[in-house]
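Protein sequences, first through last, are from chains A and B.
For what it's worth, the numbering used here labels the leading residue of the first sequence as 1, then goes sequentially.
For what it's worth, the numbering used here labels the leading residue of the second sequence as 1001, then goes sequentially.
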Amino acid sequence: MLDSILLGIQVVLEPSSLLFCFVGVLLGTLVGVLPGLGPVGALSILLPVTLYMSPVQALIMVSGIYYGVQYGGSTTSILLNIPGEVSSIVTCIDGYQMARRGRAGAALGMCAFGSFIGGTIGILLLMVFAVSLVKVALRFGPPEYFSLMVVGVVLLTFLSSKSKLKSLTMGAFGLFLSTIGIDPMGGASRFTFGSFTLMDGLSLPPVAMGLFGIGEILINLERDLRKDVFETKGLIKTILPSMHDWRKSRWPIVRGSIIGFFLGILPGGGAVLASFTSYAIEKRFSRAPEQFGQGAIEGVAGPETANNAGAQGSFVPLLAFGIPCNVVMALLLATFLIHGITPGPLLLTQKPDIFWGLIMSMYLGNIMLLILNVPLIGLWVKVLRVPYEVLFPYIVLFCVIGAYSLNSSTVEVVIMIVFGMLGYLMKKFEYDPAVLVLAMVLGPLMENAFRRSLIIYQNSLFVFLERPISLALLAVAAFLLLYPLIWRRRKFIPVESAD
Amino acid sequence: MDRQDQTSGLVWLGTGLFVVTGSVISLDIGTFTEPGAGLFPLIAGCLLVFLSTLILLKAMWAKGVKNRGLRDLWKGTHWPWVLSVTGALLLYSFLLERGGFVLTTVLLLIFLFRGKDPMRWGLAAGLSAGTAVASYVLFDRVLQVSLPDGFLGF
């Protein structure tokens, strides 16, 4: 393990890795600060640019953006009462109240420190669990992989805040979209209508940019967005939380780190689920729960720690199994694949420099974020004051450049716009685009595992029921599908999606 | 009767039937021991048909929910601006390779800046031109992304 860590440190300390780590966390914080552009939209836009980087640089930057977003999202939550990201929604509840009482600095400072601690503990746990789960993953065959991915899609549907039925429909549609193109096993052309572009299948970046970038813009353009930003003069002098704040926050931070990490591993989990669960638990454990919603610092410390730990936890399924557990990880998977690397149990042995370099970059990234977030709050506030009517054309422009640059083709731009309209309509009719994208990413992997299972074991569909791990996983999926019917309860549990 | 869910259910039902029909007619389904190219799309299509049918049934028998019409979705919103922006983007993608990146981007940005809350012409033009040129230099020249040149050569 020590040799591996040293290898990772060596990779990270190369000047190019340092630069791209910095760029990633800076961009991530900026994306987190800007309401209306989430990590999925930002990653979709930047994915084509990573083609011009080395695999390590691309992965370090993309990962930096993801956990950087968790830091940035808290700034708008506290100063504007508008969450920069879905994972920062709960920070609005008490963070904004702290700001109203003149304690914005302490709230922002606790967010930064809590995020750093949560991220650091999350990375330690990631190192342990990713390596351990690799050994489990090596025992998985095609039937187990197929069943695991079925659980992934079903669990994401189960955790979706929208109608379960509609989310499952999006899952089915995503699976269909993933089949467009040339059949990788037989070479047959599927639903291409003679188009050369569609023969390569639907690329993920324009679809994701459309659904989450353009779609989000169109929804925002329908409404009038007003912002009142708190004055931040003198804020930096009071950015450090007091000893009293630390005493009240220490256990929420510890609990948030552990809860956040394990919730992050769940499909559909990640930072969003972690932050909401942490808030609920802190309120439950608090000796003064009535203070929650009035500016309780535990209501800021716990969730912000949890969302960063959750962000680290969500890397585990991708690195250990090669299966993304949320949309952001799906885009990271796309980054791996674009550079010809297949994440999963063999990544640790075949590409240890990438595996450990990525993990070590997270330590560095978290340190950079802690240093960046304290002095740059004033800058982020200035960015927030820019009207959305001035910001959104730039987001559109970057989306267009990102889509065009994939294949130097306007067809990709048109695909992005079409999916933008679809994303807009999906939001209007209350469908969850996150499930569609995850199903689209998992679709080829699922089909490959499904068909290989049928061919290898020659036992028809029974092969998925005869193997114990596969049967157990399918039983979990069936339980999740039937649970709402049995208990007739609907709880709002947010899922890692685009925002 | 929930018209919103009814409409979306019909759309997905139509999509599902299209997928099922396309899979059966155009592709080799194979068997469960020798799956063909059409098997997985067929399964996805069948799922889509089944789930959209459930959505339709639920929409028809929705209880305790006030009738949600389609117009309610766009009441009080700036939907004409949304349509305009979408149309502008489609036109932009059509003109992009003909007019070149810089020219078409300037025109698009001016339209977007001047849209809902109009910016002054001078500011809009200056910001658009500066952004288009800076983007071209950054992406085409520095990052070597290769943006369309058009008849102006840039």
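A virtual CB, placed ideally from N, CA and C, is assigned to each residue, including glycine.
At a cut-off of 7 Å between C-beta atoms, A188 (chain A) counts as an interface residue with respect to chain B. The Cβ atoms of G95 (chain A) and S77 (chain A) lie closer than 7 Å to each other.
Minimum Cα-Cα distance from L1083 (chain B) among the listed residues A:V151, A:L27, A:N220 corresponds to A:N220.
A direct Cα-Cα distance of roughly 45 Å separates S409 (chain A) from I259 (chain A). In terms of beta-carbon proximity, F1018 (chain B) stays away from the interface with chain A, with every pair separated by 7 Å or more. In this structure F146 (chain A) is in contact with A449 (chain A), their Cβ atoms being roughly 4 Å apart against a cut-off of 8 Å. Put simply, the backbone Cα of I182 (chain A) is about 11 Å away from that of G194 (chain A). At a C-beta separation below 8 Å, Y52 (chain A) has these neighbours in chain B: L1143, Q1144, V1145. Here P1118 (chain B) carries a coil assignment [DSSP, helix/strand/coil]. Secondary structure at S189 (chain A): strand, using DSSP grouped into helix, strand and coil. Under the three-state reduction of DSSP, G340 (chain A) is assigned to coil, being neither helix nor strand.
Taking 7 Å as the threshold, the shortest C-beta distance from T179 (chain A) to chain B falls below it. Taking a contact to require three or more Cβ pairs closer than 8 Å, the region 278–285 of chain A and the region 243–255 of chain A qualify as touching.
The distance from the Cβ of M209 (chain A) to that of S44 (chain A) is about 4 Å, consistent with a contact at the 8 Å cut-off. For G1030 (chain B), the three-state secondary structure derived from DSSP is strand.
I359 (chain A) and M1001 (chain B) have their C-alpha atoms roughly 52 Å apart. If you look at R247 (chain A), you'll find it in the alpha helix (DSSP H) that goes 243–265.
Residue contact with chain B for E222 (chain A): present (Cβ-Cβ distance below 7 Å to some residue of chain B). Between the alpha carbons of P1148 (chain B) and L211 (chain A) lies a gap of roughly 24 Å. With distances taken between CA atoms, M53 (chain A) lies nearest to A:F20 out of A:L79, A:L30, A:V69, A:F20. Between the region 59–66 of chain A and the region 349–369 of chain A, the count of C-beta pairs closer than 8 Å reaches three or more; the two stretches touch. Going by DSSP, W1061 (chain B) is part of no alpha helix (DSSP H) at all; its letter is neither H nor E. Straight through space, the alpha carbons of C1046 (chain B) and I1025 (chain B) are spaced by roughly 14 Å. When secondary structure is reduced to three states using DSSP, I377 (chain A) falls in the helix class. A distance below 6 Å between beta-carbons, with the five flanking residues on each side excluded, links T75 (chain A) to the following residues of its chain, in chain order: V33, W380.
The Cβ atoms of W1012 (chain B) and T169 (chain A) sit closer than 7 Å to each other.
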